[in-house]
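Input: a single structure, listed below in structure tokens.
Residue numbers (this note's numbering): 169 to 551.
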């Protein structure tokens, strides 16, 4: 092979890798937590095929098309054995690969065994590879209105253990939810933090990694399912992950992971926080500041002060005031529509006269509970 030909091939390979680095894999969470009955190569090939799916325009006949160049670049296969390894990988995938999916339904759990890719076609004279997904797997790849996870294909390509891939997908599922609720809201702060520090029982972890009957000694289990996979994940993906072992009696009962996104360095050498997290943090602060400002101007704040249900000291706490504006004052608006402002005053007089003890840190929660209990009574009276 001439030097020019080698240069051209390397250039083409770099371009292919650059394209692959932009790809995302999107899957339903039930697929993430399923048991992948396959080794690392079929699992990685499945992830590569999924990255070709456009969920906005699902593929016709459940079929996607890859190039051999993409496959060989993704698997970093050398020229001298790439065709034989590709053929072997396809055969292994179709002989052994399937997902055992467990989904919670209204009356219990539903179990499915799905062969994800029953059909692959290629030739020795053309670059295109045809991959057809089974109809049964497609709902887990395209019906993604909720409960789905997106992760970078480039992260998967660097992982060389089946357990690393399985663990990475599960960690991505949790961290995605952390980023989503940090940005959108809808969960308590401690719930959001739980997504960044997810816990899984040893029993669930064994089921997910298909090691119920393997690595019986915890030392071996920890080595192959936790330590070595996390070393790979920390070295080759955007995550830094540590873990704690939680005991129940004398045995290890569960694992708590601690996930952080790696910081990147900008052109000036500054370390920056993860962009999504930083954006969510700024937007959350802006939203709280707006709610705080609205609460300070609200007529209901004045009424709470007059009824000794709010102190000037509590008014200086943005969390308390934004909580009132977000969760309590809209309820007072409902009562005002039903009974007028005098009705709100009467309700606050009643709440004040009861003089029930409450935590100063939970005044918003206390007042919300009071109005939540009172409003249905008022509504029933008006029927």
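A virtual CB, placed ideally from N, CA and C, is assigned to each residue, including glycine.
Quick one: Cα of residue 123 to Cα of residue 364, how far?
As shown, the chain starts at 169 and ends at 551. That puts residue 123 outside it, with no answer to give.
Close-in-space but distant-in-sequence residues of the same chain around residue 426 (CB under 8 angstroms, 5 per side omitted)
Taking the first residue of the chain shown as 1, we reach residue 426 at position 258. Answer for residue 426: 364, 365, 409, 410, 411 and 412, listed in chain order.
Using beta-carbon positions only, say whether residue 220 and residue 239 come within less than 8 angstroms of one another.
Taking the chain shown and counting its residues from 1, the one referred to as residue 220 is at position 52. Taking the chain shown and counting its residues from 1, the one referred to as residue 239 is at position 71. No, they are not a contact pair.
At the level of alpha carbons, what is the spacing between residue 388 and residue 377?
Indexing the chain shown from 1 puts residue 388 at position 220. Indexing the chain shown from 1 puts residue 377 at position 209. The straight-line gap from Cα to Cα measures roughly 14 angstroms.
Return the chain-ordered list of same chain residues with a C-beta closer than 6 angstroms to the C-beta of residue 349, the five sequence neighbours on each side being excluded.
Your numbering for residue 349 matches position 181 in the chain shown. If we look at residue 349 and ignore the five residues flanking it on each side, its Cβ neighbours are 355 and 360.
Check the C-beta distance from residue 200 over to residue 317 and give it rounded, since I have them as a contact under 8 angstroms.
If you number the chain shown from 1, residue 200 lands on position 32. If you number the chain shown from 1, residue 317 lands on position 149. Confirmed, about 5 angstroms.
Indicate whether residue 509 and residue 322 have their beta-carbon atoms separated by less than 8 angstroms.
Within the chain shown, the letter at position 341 stands for residue 509. Within the chain shown, the letter at position 154 stands for residue 322. Between residue 509 and residue 322, the C-beta gap is not smaller than 8 angstroms, which leaves the two residues out of contact.
Evaluate contact between the region 485-501 and the region 536-544, counting only Cβ atoms and requiring at least three cross-stretch pairs below 8 angstroms.
They touch, by the three-pair rule.
Are the CB atoms of residue 383 and residue 393 within a distance shorter than 8 angstroms?
Here residue 393 corresponds to residue number 225 of the chain shown, with the count starting at 1. Here residue 383 corresponds to residue number 215 of the chain shown, with the count starting at 1. Yes, the pair counts as a contact, with Cβ atoms nearer than the cut-off.
Quick check on residue 383: does DSSP put it in helix, strand or coil?
For this step, residue 383 is matched to residue 215 along the chain shown. Of the three classes helix, strand and coil, the one that applies to residue 383 here is coil, per DSSP.
Indicate whether residue 520 and residue 473 have their beta-carbon atoms separated by less than 8 angstroms.
Sequence index remark: in the chain shown, residue 520 carries index 352 (1-based). Sequence index remark: in the chain shown, residue 473 carries index 305 (1-based). Cβ distance not < 8 angstroms, so residue 520 and residue 473 don't count as in contact.
So the candidates are 231, 480 and 326; which of them puts its Cα closest to the Cα of residue 286?
The residue labelled residue 286 in the question sits at position 118 within the chain shown. With distances taken between Cα atoms, residue 286 lies closest to 231.
Which term fits residue 405, buried or exposed, when burial requires 16 or more other beta carbons within 10 angstroms of its beta carbon?
Indexing the chain shown from 1 puts residue 405 at position 237. Classified as buried, residue 405 has 16 or more neighbouring CB atoms from the shown chains inside 10 Å of its CB.
Counting Cβ pairs, one atom from each stretch, are 3 or more of them under 8 angstroms apart for the region 449-464 and the region 479-493?
yes
On the criterion of 16 or more Cβ atoms from any shown chain inside 10 Å, does residue 342 qualify as buried, or is it exposed?
Position 174 of the chain shown, counted from the start, is the residue given in the question as residue 342. Buried, since its Cβ has 16 or more Cβ neighbours within 10 Å.
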